[in-house]
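Asker:
Residue numbers (my numbering): 89 to 172.
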C-alpha cells in the first residue's frame, strides 16, 4: 500500500499538488491501494521540507517548494509501487 502525503497549509498551490496527485493515481493501471494524507501542521511539515507545497510517497520526499505535473507524479507512484 502506498502512503502519500501532501504537505502544506491548504493554500491554492497545495490544493493543486493534491489535484495533480489524484489525477496521477487515476491514470495508474492497475489501481494501487493507497492512503492520501493532507499534512497541514507546520511542525510535522518541517520534519520533511522547509518550503511548501511538498509531496511525500512512502516517507520519501519527491517534491518540495514546487508543483509537480501529474505525469511526473505518476512516474514516482509507479516507482514506489515497484519498490513495495
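Using N, Cα and C, we set each Cβ at its ideal position, and we do this for glycine too.
Please confirm whether residue 155 and residue 105 have their CB atoms less than 7 Å apart.
Answerer: A contact, by the Cβ cut-off of 7 Å.
Asker: Note down, one range per segment and in chain order, each beta strand (DSSP E) of at least 3 residues found wholly within the stretch 98-138.
Answerer: Listed in chain order, they are 122-127.
Asker: Assign residue 142 to buried or exposed, taking buried as 16 or more other Cβ atoms, counted over all protein chains shown, within 10 Å of its Cβ.
Answerer: Residue 142 is buried by the Cβ-count criterion.
Asker: Please determine, among 137, 129, 161, 92, the residue with the shortest C-alpha to C-alpha distance to residue 121.
Answerer: The residue with the shortest Cα to Cα distance from residue 121 is 92.
Asker: Within the same chain, show all residues whose beta-carbon is closer than 7 Å to that of residue 102, passing over the 5 residues directly before and after it, in chain order.
Answerer: Excluding residues within five positions, the ones whose Cβ falls inside 7 Å are 94, 96, 140, 141.
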